[in-house]
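Protein chains: 2
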Amino acid sequence: MTVSNIVREKTDQAVETLEETNVDAWITFGRDTADAPDPMQPLILGEEFIWPGMVLLTRGGRKIVICESHDAGNIQDLGLFDVRPYEESLESAFSEAIEEVDPETIAVNYSRSDSTADGLSHGLYLELEHYLEGTEYHDALTGAEDVIAGVRGRKSSTELERIQKAVDLAQEFLEQMRRSWQPSWSEADVAAFLHEQIDDHEIETAWERSMCPVVTAGAEADHGHAKPSSRTLPRGEVLRLDFGVVYEEYCSDMQRLYYYPEEGETSPPAELQSAFEDVRAAIAAGFDALEPGVEGHEVDRAARDVITERGWPEFKHGLGHQVGRRVHDGGAYLGPTWERYGEAPYREVSEGEVFTIELGIETQWGYLAQEEMARVTESGATYLTEPQRELKPLVEA
Amino acid sequence: MTVSNIVREKTDQAVETLEETNVDAWITFGRDTADAPDPMQPLILGEEFIWPGMVLLTRGGRKIVICESHDAGNIQDLGLFDVRPYEESLESAFSEAIEEVDPETIAVNYSRSDSTADGLSHGLYLELEHYLEGTEYHDALTGAEDVIAGVRGRKSSTELERIQKAVDLAQEFLEQMRRSWQPSWSEADVAAFLHEQIDDHEIETAWERSMCPVVTAGAEADHGHAKPSSRTLPRGEVLRLDFGVVYEEYCSDMQRLYYYPEEGETSPPAELQSAFEDVRAAIAAGFDALEPGVEGHEVDRAARDVITERGWPEFKHGLGHQVGRRVHDGGAYLGPTWERYGEAPYREVSEGEVFTIELGIETQWGYLAQEEMARVTESGATYLTEPQRELKPLVEA
C-alpha cells in the first residue's frame, strides 16, 4: 500500500520533528474531512474522518487516533496507530489520552500566514479549548507551523520518488511537444498536445487544466495569467511554457523557452542568447546558494543580485516556492523580505525540501523566464529537473 | 449561467436572513479555497480565492468582495458584487469597507457543532481579530450559525429544481433496477447496475461510490456500513437499498425495500407486511408533524412514538437530516434531544428546508428501513420522493 508508506514515513518524521521543535504533542483535529480536509491529513493519516476525530502524535513516539467507532475500521487496518474508537463523545477519550501523554505543549494546525498549516477550523479550536478548560493543559495549545514546516517540507523517500516521476513525465511531454511541433500550431494546439500526453498517462495537470500549461507565443502574446489563445508563433520569436503534472498526488512545476529560427538561421540572435544566459546565470546563482540552514531570502538575494548586476529590473516575485502535494506548498520560501511574504522568507531551508528556482525578464522577445526544481541535500542542492542550458530550436516536425 | 443563478438567489436570501437574525454584516473569509473550501463559498460566491479574500454581505443589502487583483476578474464577471481588488494587503481594503458598513455585529463562519457553518480556519480568525484590534469593531465578531442555517437550509428555486431532479433520477434508476433484476444478482451486481445508470447519465453517487448504494440481500446480510458483497437474495427475503445521486451539485438520499416472493406466493407474508406498515406509519407521522416553526425533536418524537407504540425498539439515530449540496447537510435536524446531537434538534424548522424522513426496525427479515425526502412548505410539507407504499416484488426480468 503506497498510501501507508507515506503515512508511515511522515508520522515517523513527525516524531523527529516534535523532538527538534520542542513540542510534546501534535494534534490534527477534523470532521467531515472528505468535504473539509486538513491539508496535513493525507500525510499523517491518509484516511478520512466523518465524525470528529484526531491524530495525536507525541515526542515520545506515540501515534494515537481517537475517532468515532464507524471511522475506526479503515484506520485500524493501517496497522500504524493506537486507535481509540468512541461511541458517544470524543471528549472523554481525548481527556484520557491527554492525561497519559501529559504534554506541556500541544501544537494544533493554525497559522495566520500559511494555509497548509491552517487546517483547523475555528469552531473545532473552540471545542478543543472547551475540552481543556479547567485542566492543567489549558494553556498548552500553540500553533503547529514549525512542526508542519518540518513534516511537510522535508520529503520522505516515497515523496521524492513521486516528485521525481512528476518532473520526468513533464519533461518528457515537453520534449515530445518540441519534436512534434508545427508552425501552424496555436498556443491552444500546444496545450492540447500536452493534455493528450497527460490523458494518455491517466494523470492530471499540476494546476487548473485550462491554465496548465501556460503557453505564450512570441513577444505580442499576453504574458499575464491568460489561457492559451489561437495565436501562432512567428519566426524569430520565443515560445514560453509554464507546466507541471501530478503523479500519485505529487506535483512538478517548470518553465521552458523554445526559439523558432528565422529561415536559414543556425542559432538565436546574440542579444536573445545573452538575455537567456542572464536568466540562466541568476538561476544558477540561486541554486548555488541553496543549502541547509540558509534563510530563504538569502537564496532569493543571490539570484536577484545577478539580475540587477546585469542591468535588468528585479523580478516582482519570490525566487522559489516549495513543491509537494500542492504545486505551491507552504513552509520555508525563497522570497525577498517584502511584507506580503510575512515570515516565510526568514525560515531556514532544510535538507529534503523541494523548491522551484524561477525568474524572468522583460525583453523585446517578451517575458523570458525559466523555472527549475531542486532538492536540498545534506550540504547543498541537486536539480530534479534537467536544467535548461540552451534555447532549443523549434523546427517543423 | 446556472452558477450565478444560485449565487444571485443565495446572496439575496442572505440579506433577508441577516435582517431576520439581527446581524449587520456577514463575512466569509478564505484563501486557497480550491484546496480548503469554506462550505458556504459555492453558495454565495461560486468562485475561488487563491489569495486571501472575503465576501462581505450586509443587512442593508450590500454585496462586497475584497480580493487580490488576480482573483478579481472572474468575480467581476459575475456582475453581482461590488468588487474591491487589492494589490499589497487585504487589511486596508477591509478596514475601509468595514467603516463604510459600520456594523454592530459581524458574523463569521465558525460553529463547534455544525461543520457546514465552520468553514473559517482558526488562523484566519486570528487574522481578522488582528485587523479589528483597536477599532470600535473589536467585539463585533460572532458565529454565523444562525445566518448559515437560514441561507443554506432554505432552498432557492434553482436548488429545489436540482434536488428534485436528483430525486427523480435516483427513483428512476431504482425502478429500472427492479425491472431488470435477476435472481442470480449479488449485492455487488445490484450496485453495478445502478453505477451503470449513473455513468450513462454522467452524474455521481451522493456519497462514496463503493458504499453507494448500500445493498443488503436478506436477513443474513451484513446490515452495517458494509460494501455490497457477493451475496444473492434468497426467496422469501427482502432486498434493502440506501441510495442517492448528485445532480448539478445537489443530492438525493432514499432507502427502498423489495421482496423476492417464494414460488407461487402472490403477496408478502402478513407479518412482514405488518412490519413494513409500521415503518410506513411512523414515517407518515413524522411527515405529518413537519411544518414551519416546529422544533426538530418534535418531528422525531412523532415518528418515534408510533414505533414504540407498535412494540418496536426505538431507532438509534435521528429521524431526518437536511439534504442539499451535502447529502447530510447542517442546520435544523429532526433528531432526539440526545447529547450527541447538541443544539441542532432544538432549531426551528423553516419553509424551504429539505429533510430526509428515515427509520428502520430489526425483524426476522433483517433491518427493514425506509427513507423519504420532503420539503417544508408554508403550512406543512410535501414529499419530493414518491413515498414507498408497498413492498414491491422482485421478479425475474
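Protein sequence lines correspond, in order, to chains R and C.
First residue of the first sequence? That's 311 in this note's numbering, and the numbers climb one at a time after it.
First residue of the second sequence? That's 311 in this note's numbering, and the numbers climb one at a time after it.
Glycine included, every Cβ here is placed at the ideal spot set by N, Cα and C.
In this structure, does DSSP put Met-311 (chain R) in helix, strand or coil? Since pLDDT at Met-311 (chain R) reaches only 42, below the 50 mark, its modelled position is unreliable, and the value read off the structure follows with that caveat. Met-311 (chain R): coil per DSSP, three-state reduction.
Is the shortest distance between the beta-carbon of Glu-649 (chain C) and the beta-carbons of chain R less than 8 Å? yes
Using a Cβ-Cβ cut-off of 8 Å, state whether Asp-639 (chain R) counts as contacting chain C. no
In chain order, what residues of the region 410 to 442 of chain C put their CB closer than 9 Å to some CB of chain R? Val-418, Asn-419, Tyr-420, Ser-421, Arg-422, Ser-423, Asp-424, Ser-425, Thr-426, Ala-427, Asp-428, Gly-429, Leu-430, Ser-431, His-432, Gly-433, Leu-434, Tyr-435, Leu-436, Glu-437 and His-440
Phe-503 (chain C) lies in the alpha helix (DSSP H); which residues open and close that run? 497 to 510
With 8 Å as the threshold, decide whether the Cβ of Asp-345 (chain R) is near any Cβ in chain C. yes
Starting from the beta carbon of Glu-398 (chain C), find every residue of chain R whose beta carbon is closer than 8 Å, and list them in chain order. Glu-649 and Arg-650
Inter-residue spacing [alpha-carbon to alpha-carbon] between Ser-520 (chain C) and Pro-538 (chain C): 8 Å
Under 7 Å by beta carbon: chain C residues contacting Arg-369 (chain R): In chain order: nothing, as chain C lies at least about 23 Å away.
Does any residue of chain C bring its CB to less than 8 Å from the CB of Arg-636 (chain R)? yes
Buried or exposed: Gly-463 (chain R), going by 16 or more other Cβ atoms within 10 Å of its Cβ? buried
The region 559 to 576 of chain R in contact with the region 479 to 497 of chain R per 3-pair CB rule at 8 Å: yes
If you draw a straight line from the C-alpha of Glu-485 (chain R) to the C-alpha of Leu-629 (chain R), how long is it? 25 Å
In DSSP terms, what Trp-745 (chain R) is bridged to: The question about residue 745 (chain R) has no answer here: the residues shown for chain R are numbered 311 through 707.
Rounded to whole angstroms, what is the Cα-Cα separation between Asp-449 (chain R) and Arg-422 (chain R)? 19 Å
Arg-699 (chain C) (DSSP reduced to helix, strand or coil): coil
Cβ-based contacts, 8 Å cut-off: residues of the region 331 to 345 of chain R near chain C: Arg-341, Asp-342, Ala-344 and Asp-345
Excluding the 5 residues preceding and the 5 following Val-477 (chain C) in the sequence, name in chain order all residues of the same chain whose CB lies nearer than 7 Å to its CB. Ser-562, Met-683, Leu-694 and Thr-695
So which residues of chain C does Pro-349 (chain R) contact, with C-beta pairs closer than 9 Å? Asp-342, Asp-345 and Ala-346
Whose CA, out of R:Val-556, R:Glu-573, R:Pro-523 and R:Tyr-557, lies closest to the CA of Arg-550 (chain R)? R:Pro-523
Taking the alpha carbon of Met-487 (chain R) as the point to measure from, which residue in R:Glu-547, R:Gln-507 and R:Glu-649 has its own alpha carbon closest? R:Gln-507
Segment limits, alpha helix (DSSP H) that includes Asp-456 (chain R): 455 to 463
Check whether the Cβ atoms of Ala-403 (chain R) and Trp-336 (chain R) sit closer than 8 Å, and answer yes or no. no
Gly-641 (chain C) beta carbon less than 8 Å from that of Arg-657 (chain C): yes
Using C-beta distances below 6 Å, list every residue in its chain close to Thr-312 (chain C), excluding the 5 sequence neighbours before and after it, in chain order. Low confidence applies to Thr-312 (chain C): its pLDDT is 47, below 50, so where it sits in the model is not reliable, and the reading given next is rough at best. Answer for Thr-312 (chain C): no residue qualifies.
May I have the straight-line CA-CA distance separating Thr-692 (chain R) from Glu-668 (chain R), to the nearest angstrom? 15 Å
Can you list the alpha helix (DSSP H) stretches of 4 or more residues lying completely in the region 428 to 492 of chain R, in chain order? 432 to 442, 455 to 463 and 467 to 490
Classification of Arg-590 (chain R) by the beta-carbon crowding that lies within 10 angstroms, buried from 16 upward: buried
Does the region 675 to 689 of chain C come into contact with the region 570 to 588 of chain C, if we say contact requires no fewer than three beta-carbon pairs (one atom in each stretch) closer than 8 Å? yes
Hey, would you say Glu-358 (chain R) sits closer than 8 Å to Ala-346 (chain R), going by beta carbons? no
CA nearest to the CA of Lys-626 (chain C), picked from C:Val-664, C:Asp-639 and C:Tyr-651: C:Tyr-651
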